[in-house]
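Take this note's numbering: the final residue in the sequence shown is number 871, and no numbers are missing along the way.
All C-beta atoms in this analysis are idealised placements derived from N, C-alpha and C, irrespective of residue type, glycine included.
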Amino acid sequence: MPTSGLTDSIIVCLSSTSDIDIIYAGTLSGIFKWSIANNTWKEMNTGLTNTDVRFIKVDKYSENIVYTGTADGLFKSINSGSTWVPILDKSILSMDIQPDSISTLYVGTNGEGIYKSIDGGSNWEQKNNGFTDWGPANFVYVVPSISIISGDTLFAGTRHGVFLTEDGGSSWKEINKGLLSSYVSNEIVDSVRTIFEVAVPSDSTNGMYDVCTRDFGNPPDIDNDPHIYIFLLTPKGIMSYFDDINEYDTLYSNVCEMLYLTCSNPTSDKNIGELAKSFQEMIHWNYDTDEEDWIVKGISMLSRHFILFGELNVDSTSSYFFPLNNDLTYWGDASDEDICGLWSMYLYEKYGGISMLKNLISDTLNGFEGVDNTLTEEGYAKTHKEIFKDWVIASYVNNPDSNFYSGKYGYNLIRTISVNNNDKDTLPPYRDSTNLWSANNIYLKYPDVPNLGDTLLFNGNTTNSISLYFIKLDSTENAISVDEIPLADKEARSYIGDFDSAYSILVPFIIITGDEGNSPVPYVFHNDLTPPEYVRYSFFQNPLESSYLNFYLFSSDRIYRDVGDETPLLEFTQGETVDTVTMNIFLEPGSDSIAVIYRGNYHFTGSGTASIIASGEDLAGNDIVPETTSISIQYILANNGGSITSTDGEMILDVPSKAISKDTYFTVFRLSTADNPDNPRISSFGDLVIKPQERETKGSAYRIGPTGLELKNPASLTIHYEGELDEEVVGIYRLENNGWVYIGGVVDEETHLISTLITRIGTYQIQLGPHSSPPEIPTVYAVSQNFPNPMKSNTTILYQLPLESFVSLKIYDIAGREVRTLVNRKESFGYKAIKWEGTDNKGRKLPAGVYFYRLKASNYEKVKRLVILR
């Protein structure tokens, strides 16, 4: 047979007409049809919504009719597969056709049993009567095989064996004797009845029903029948369970109190214990249908103990496992049973016994809320958080001796509890994490562990409720002492000291009691008590996008906001708004001085003052002392101009109109100075540190941003200084390529201000002493707005000359009359300033009003307005 046209070689099923003139192949890619006439395969998927074909059936009575089943349903074709239409919207596994004129169909589904149609699929009737008499619905309603023997007799293969009907599906019965691995005999039934009604291993006079109802409460009774049905079943891996679906009058429900139990040695101690757990779950459901699983499963473990050993007797045969880093409140699977059982046993032993259990079962609050409510009702002041910590230590130490911490660190009824320690035989740091509502440890056995020195530092994540305990053990691993270590802000320095002959093993235990914060909770043990040797941070205004600040932090160690969160904490506060700047690793140079560089960006959207604070800690939790930098921000419109003042009020920059090409954010912040830094560098959580070049500084340096911005018209820069100048050479300097360039400046000794014009934005400072280089030469003629303006007693006018020029600077009144000539001479190039006291050419004070001044130099002429107030 040729394979031409068959695009999928994985054949799932085949079917053909009686004369084999036509063959249908079902694949994972749909249905393909071969015929003698065409001698090739043709895809036939029109109308199919799912091409994962499970079977193909040709109706032998009318062979142009074909059926196929998929996960999306049963499909029918009346034209030999050319087109398909859905006729049953169920997940179909199997089918058989009764070859008669009315086309009787039976289909097996994946979870809904068997459906029957007597009209070729137009109408369907579910035929499941009797299935659940022999097995649980989730097994018997999965029917991967169905076969018509003759007439109304057919077999159905299910996940619980084979079933037979002889009345066309109206009733089914199991025919599994000799087929299944186990078979339920009358003897098995009697032995189960004895355990449930007569006697259990712990009590020869009471059966499981009496013991459990006495200790936990009454079961539900949906069917008004006091009997409990125990369904003996054979599926592998299942010993016993309770399914609350049977407590509802709904599809697939048995509508009765039913427990499921394996029929394979059902009265072994193991299976009796499993049945006891299932029965407690049924009772618990009767009082609190939505209780959290870990509470229910934990009390079910008590039910097992009571049935096998008794309420007051020791279980010396079972070995419980206490898993580290396992959330008590998260029920995953049966592997969590031990830890839930230990929690319930601890509550039972220490906080009220049977009375507490009954109150907890009947309390409709769930989880820890129900535990706390029950403790209050029983008269206990402790909360679940306090008990949780004691319980963790008890599960590790298990010493119930009343002379050892009054017996709170042990169980009276459980002997063996195993814990897998986290052994350490190397030096710190010891990094790990712990889930919420769980515990973890490190196991330090001397002399296997190297000398830790005299201090061990614990650093835990501050977003969580963390407790730290030190358990000291002797060489036989018996507990000597248990100490809770006080944690200040989740950090504590705990002195271990040199090896102490009084103990051989130290086991620090980390316990998480809470749902808040990070999960898992990171922490570290470290013997490093020294903060990083080198931490510097800097920021600058982005030269291309003025609304952004770029931040960099350089450190000799990695920096954390908190344990497990590697990034410095950098906060930008403007007004009432506090934003956190995200800092990510930028580079890892790996040098002795700088191990890592972090970078972040911040976008501001308005003018005002802001503070920037950077902080963090190293891995050991040694804090880096935070310092704050203040910054001024001003949005200046290109057409209007504007001014910006430093946060300390000591520096003012006036930007005239048309000086910038576009509306721009300007920033300014004060820099610090240092005696012997590199020139320049970044101080410890401060700012740029600048070492003057052989000159004394007069006040702080100010970095104005965007650094490097060239102005089309000069701006007026004024800086205040303290003290006297003592006739020394003084001027304003700009930082340029790690050196200082003299700009110039006019001194007003009365106001202690020095002013100059600038055409480039950058870092400026007043410095004293001889110039090491000639002053910077202006590139254009310009004159500034006088300051102050309005003026009272005097004002200053700045101007600049790129060339030696004849200069005329005159004052005019509102009528245009000249009232004062300030300059009328040839002057050298450079930055100039002149102070005017508001008098005319004869020295008389001019009246208050509006005046104008005009500067003429070479071909340059500029007029500006000033105001006099008296």
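Taking a 10 Å sphere around the C-beta of Asp563, we find 16 or more other C-beta atoms and assign the residue as buried.
Annotation for Ile88: Leu75, Lys77 and Gly122 place their beta carbon closer than 6 Å to its own, counting only its chain and skipping 5 residues before and after.
Ranked by Cα distance from Pro324, the first of Ser396, Val297 and Met357 is Ser396.
When DSSP states are grouped into helix, strand and coil, Thr384 belongs to the coil group.
When the alpha-carbon of Ile613 is set against those of Asn585, Arg671 and Ile586, the nearest one is in Arg671.
Per DSSP, Glu737 is one residue of the beta strand (DSSP E) stretching across Val731 to Glu737. Collapsing the DSSP output to three states places Asn247 in a helix. In the three-state DSSP reduction, Ser30 falls in the coil class, being neither helix nor strand. The C-beta of Phe510 has 16 or more other C-beta atoms within 10 Å across all chains shown, which makes the residue buried. In this structure, the alpha-carbon of Gly112 lies about 6 Å from that of Asn139.
For Ile223, the closest C-alpha among the options Thr18, Met283, Thr268 and Ala660 is that of Met283.
Cβ-Cβ distances below 8 Å link Ile767 to Thr698, Lys699, Gly700, Ile720, Tyr722, Val731, Gly732, Ile733, Tyr734, Gly746 and Ile755 in the same chain, with the five nearest sequence neighbours on each side left out; the list follows chain order. The C-alpha of Trp438 is placed about 22 Å away from the C-alpha of Asp364. Less than 8 Å separates the beta-carbon of Trp837 from that of Thr796.
The alpha-carbon separation between Arg871 and Asn842 amounts to approximately 19 Å. When secondary structure is reduced to three states using DSSP, His161 falls in the coil class, being assigned neither helix nor strand. Counted as a single uninterrupted DSSP element, the alpha helix (DSSP H) harbouring Gln281 occupies residues Asp270 to Tyr288. Residue environment analysis places Pro227 among the exposed positions, since fewer than 16 neighbouring C-beta atoms fall within 10 angstroms of its C-beta.
In the DSSP assignment, Asp316 is bridged to Ile415. The Cβ atoms of Leu530 and Thr456 sit closer than 8 Å to each other.
Of all C-beta pairs linking the region 409-421 to the region 309-323, three or more are shorter than 8 Å, placing the two stretches in contact. In terms of CA proximity to Thr606, Tyr549 leads the group Asp424, Glu577, Gly591 and Tyr549. In the displayed model, Tyr347 falls within a helix according to three-state DSSP. Close CB contacts of Lys128 within its chain, under the 6 Å cut and outside five residues either way in sequence, are with Ile115, Lys117 and Gly170 (chain order). When secondary structure is reduced to three states using DSSP, Lys793 falls in the coil class, being assigned neither helix nor strand. Listed as beta-bridge partners of Asn442 by DSSP are Phe510. For the 8 Å CB-CB criterion, Ile98 and Lys58 form a contact. Burial state of Ser304 is buried, judged by a 10 Å Cβ sphere holding 16 or more other Cβ atoms. In the DSSP assignment, Lys865 is bridged to Tyr854. DSSP places Tyr210 inside the alpha helix (DSSP H), whose first and last residues are Met209 to Asp216. A distance of 8 Å or more separates the beta carbons of Leu358 and Phe243. Within the region 779-852, the complete beta strand (DSSP E) segments of 3 residues or longer fall at 796-802, 806-813, 819-828 and 831-837, listed in chain order.
Taking the C-beta atoms as reference points, Leu758 is found no nearer than 8 Å to Tyr854.
Per DSSP, Glu589 is not a residue of any beta strand (DSSP E), being assigned neither H nor E. Glu628 has Ala615 as its beta-bridge partners, per DSSP.
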